[in-house]
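Residue numbers for the sequence shown follow this note's numbering, so the first one is 509 and each next one is one higher. Notes follow the structure.
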Amino acid sequence: MRAVNMDDLSANLDIERSPAQRLVDAARDQKRVKGLTHEFYRYPARFSPTFVRSAIETFTRPGDWVVDPFAGGGTTLVEAMAMGRNALGIDISSLSSFLCEAKTQVLDDRDVSAFACWMERIDTTINMHAPSERHDEYADAGYYRNLDGPEFWRLRKAIEQALSAAEKLHRRQAHVLARCVVLRTAQWALDSRKTRPSVKAFKSYMHKQAGLMLDAALEFREQIHGLELAHPPKAISLNRTTAGAEKEELVAQVCPPKLIVTSPPYPGIHVLYHRWQVDGRKEAPAPFWIAGKLDGAGSSYYTLGDRKNPNLQSYFDNLKATFDSVAAMAGRETTIVQMVAFSKPDWQLPKYLEVMEECGLEEHRPWDAPLEDDDGRLWRDVPSRRWHAHQKSHAPGAREVVLVHKKAGP
Ligand SMILES: C[S@@+](CC[C@H](N)C(=O)[O-])C[C@H]1O[C@@H](n2cnc3c(N)ncnc32)[C@H](O)[C@@H]1O
């Protein structure tokens, strides 16, 4: 396997074009999220690694810090490390923190061996004739909800058995990777599908997935080692709200970063970050149980506010609180790049920009030439995202805009 060379990455994007122009091309790139450890989990509303990579290339150099204050599935952290930058991810969801850790750990050889042993035993570990350990603390707290019926007993048992075996791995990285394999397999088996796979199919998928994820983790490791930097890049993930995060010592140590790149929850657009939908859209909190984490609250906790709130008042209040902190983390040299969509752009985009201004952020348009879009901003059509499936093509919400800001002032 070959480490990805930074020059090759640039060459793919046409060397003749300026960095800003390459950012425009990357924003319009419609390729699926894939490569490195990006496919460890299908986090809702992930942004394109190509776009993040291009923003990182344009605004930072190796060794710089990149911050994502709404880290989600960890796309920014993976891309930053792969390009030799350090990354800090903040997210209110503990599931996000688990994923950030799983996707950015640089495996130690002994962890690889421990994981490989777990993987080779999957076939015997999952056995419907053997007992399984019910995770009482999670079951009693309601994390088995909508998976507790008799029609789910086999898959539930298979998950419990695979998890118990993962919990016996004493090496942390091996444990986290094995848990993530169970999470990804269970997501495939349960989330948004009409029929349930057999235990045989579940086992076979898990074994295949374990192999693919180990290869991906090793590719990520090779990429990092191939950079040959004096200080290997690192990623930190913080599970908390971004509002007030600048007061944390850990955050203060890395701020101001060169780049803040992020995709916050979108105004008025419903995305289920914290649930799987099983058996005809019944919401299951199982991902937290499987990741070994605790859930924060209802969906408005993860979406910056209830989208049914009149004028999205709570959304914009929370946006203000979080971006006050983003502005406090930024310095004069920090570029803030966001990708956002709106259910009703006519009034929500101006309101969004007003909040940015109130937070002391000034809009920039780093493109060399005016863009052809009416308002001169960089818009992109959204490829097959789940929430997008409910929007008509070219209807509001089917397009995302790239916003670039800097701290206002002299
Ligand atoms: C659109 S997702 C980010 C997806 C990410 N760009 C990726 O590629 O996976 C938005 C994230 O914001 C998080 N979030 C919501 N409110 C937050 C808050 N107050 N502070 C930090 N994170 C928050 C959600 O949990 C969710 O993971």
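Backbone N, C-alpha and C fix where the C-beta goes; we use that ideal spot for every residue, glycine too.
CA-to-CA distance, residue j to residue i, given in whole angstroms
i	j	result
E880	Q529	13 angstroms
A897	R907	Caution is warranted here: a pLDDT of 46 is assigned to A897, below 50, making its placement in the model unreliable, and the coordinate value is therefore given only provisionally. Straight-line Cα distance between these residues: approximately 12 angstroms.
R525	P570	21 angstroms
K852	I768	25 angstroms
R662	M636	7 angstroms
L517	P741	Confidence at L517 is low in this model, with a pLDDT of 44, below 50, so the placement of that residue is unreliable and no value is reported for it.
G806	P552	16 angstroms
G657	R704	13 angstroms
T749	P577	9 angstroms
A622	V586	23 angstroms
D787	K702	6 angstroms
L886	S771	15 angstroms
E757	T558	31 angstroms
Q761	K708	49 angstroms
K676	A718	17 angstroms
I634	H546	27 angstroms
L861	S562	23 angstroms
H872	T843	9 angstroms
F850	P775	6 angstroms
C625	S640	20 angstroms
W895	V779	Low confidence applies here, because W895 scores a pLDDT of 48, under 50, leaving its location unreliable; read the following figure in that light. So the two alpha carbons sit approximately 6 angstroms from each other.
H683	K816	40 angstroms
D648	R642	10 angstroms
Q538	V560	13 angstroms
T811	V890	19 angstroms
I667	Y713	13 angstroms
S556	A535	8 angstroms
F548	R554	12 angstroms
S833	K914	14 angstroms
S808	E736	43 angstroms
Integer-rounded CB distance, given that residue j should sit under 8 angstroms from residue i
i	j	result
G650	P793	7 angstroms
K711	I798	About 16 angstroms separates the two Cβ atoms, so there is no contact after all.
S605	S745	5 angstroms
V532	W875	6 angstroms
V912	V845	5 angstroms
E841	P764	7 angstroms
Q681	D723	In fact, because the Cβ distance is near 15 angstroms, the residues do not count as touching under 8 angstroms.
Endpoints, alpha helix (DSSP H) assigned at residue i
i	result
H715	V707 to G734
K611	S602 to T612
L685	R680 to L698
N819	First-last for N819: undefined, no H or E at that position.
D631	I630 to T633
I667	W661 to E675
W855	P853 to E866
A849	That residue, A849, is in no alpha helix (DSSP H); its beta strand (DSSP E) goes T843 to A849.
Start-to-end residues for the beta strand (DSSP E) that takes in residue i
i	result
A638	From DSSP, A638 is part of no beta strand (DSSP E); its letter is neither H nor E.
K914	R907 to K915
H872	L869 to H872
T770	L767 to T770
R888	L886 to D889
D576	W573 to D576
Whether residue i touches residue j by CB criterion (8 angstroms)
i	j	result
F824	K859	yes
L720	P795	no
A835	L869	yes
Q695	R593	no
V614	I732	yes
I598	A753	yes
L671	H782	no
L544	F728	yes
L698	W573	no
T568	K766	yes
M591	E565	yes
T612	A743	yes
R687	G800	yes
K828	E865	no
H739	M627	no
G813	L820	yes
A610	L685	yes
T830	A751	yes
Distance cut-off 7 angstroms: residue i Cβ against heavy atoms of ligand 1
i	result
R554	yes
T843	no
N826	yes
L544	no
F578	yes
T558	no
A751	yes
T612	no
Y823	no
P795	no
D599	yes
L812	yes
Contact test: residue i Cβ vs ligand 3 heavy atom, cutoff 7 angstroms
i	result
T583	Ligands displayed in this structure: ligand 1; ligand 3 is not among them.
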